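Only one structure is covered here, and it is reproduced in the block below.
Numbering (the working numbering), first residue to last: 16 to 275.
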């Protein structure tokens, strides 16, 4: 099945959403025009599906790569999923708790914290406009967990990286890092989708700003870094657009001649 000549993947935080977690009006109009021009539009995010349903509804987007590549959906149908290995989550949780580091476990529908009322969880989740999740320390035992959040500072992360080669740790906050399967990335999720849809990689575009977007921007035919992106992200991009709050999506799509 070939859904169209081109496809564009958008990251959410810092790309579609500004610092206030709002969709700029110029972004809403740009996505509308993009779809109107026959370009297929999808999301590629580190968020869980339940964490960006409002964005999908507002933009009319039904296809996405979520959990940094671990859960891929096209038009409401799951194309690919890769949960974390349960026994490894159990081991990581036990070690993290000994070090005073809590976790949040995420499946496709919910998230649950390993302990209650932890300041690291409060501050990092608040940056995404979410509250501290309810507590269920054994949530991973009966659910498919596609991503966990480990709450520790960067200088405390190295022992986990060394002891758990099955996992990939991608920092997204001063006090929190994503826990993914080794080899997992947005690029892998995008590859799964475009192979199933029969879209050539040269016709694939992606916009992003964070460290978890590096593989994605390197993989696609045209990788676009937001003006507010990390310098490492800008270095791998084919093009750097304006910041998200300066009509960056609109400007980038216009420069690439994907919208008029």
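By construction, the Cβ of each residue, glycine as well, lies at the ideal position given by its N, Cα and C atoms. These figures come from a predicted structure and were not determined experimentally.
query, result
"Local Cβ density within 10 Å of residue 157, reported as buried at 16 or more and exposed below that", "exposed"
"Under 9 Å between C-beta atoms of residue 96 and residue 161", "yes"
"Nearest to residue 116 (by Cα), restricted to the options 91, 174, 88", "174"
"Inter-residue Cα distance where the pair is residue 190 and residue 70", "25 Å"
"Distance between residue 84 and residue 17 (C-alpha atoms, nearest Å)", "Confidence at residue 17 is low in this model, with a pLDDT of 46, below 50, so its placement is unreliable and the value that follows should be read with caution. Each residue's Cα considered, the two are about 21 Å apart."
"Same chain only: Cβ atoms within 8 Å of residue 32, ignoring 5 sequence neighbours per side", "38, 70, 259"
"Residue span of the alpha helix (DSSP H) that contains residue 266, given as start and end", "263–270"
"Alpha-carbon to alpha-carbon, residue 139 and residue 188", "7 Å"
"Nearest candidate by alpha-carbon position, reference residue 132, set 241, 225, 143, 148", "148"
"Beta bridge counterpart(s) of residue 65 as assigned by DSSP", "Answer is none; residue 65 lacks a bridge partner."
"Segment limits, alpha helix (DSSP H) that includes residue 177", "173–178"
"Status (buried if at least 16 other CB within 10 Å, exposed otherwise) for residue 109", "exposed"
"Cα-Cα separation between residue 122 and residue 82, rounded to whole angstroms", "9 Å"
"Which of helix, strand or coil DSSP assigns to residue 84", "helix"
"Straight-line Cα distance separating residue 197 from residue 166", "19 Å"
"Check whether residue 273 and residue 80 have beta carbons under 9 Å apart", "no"
"Among 268, 206, 73, the one whose alpha carbon lies nearest that of residue 235", "206"
"Residue 196 - containing alpha helix (DSSP H), residue span", "No alpha helix (DSSP H) holds residue 196; the beta strand (DSSP E) holding it covers 191–196."
"CA-to-CA distance, residue 245 to residue 86, given in whole angstroms", "25 Å"
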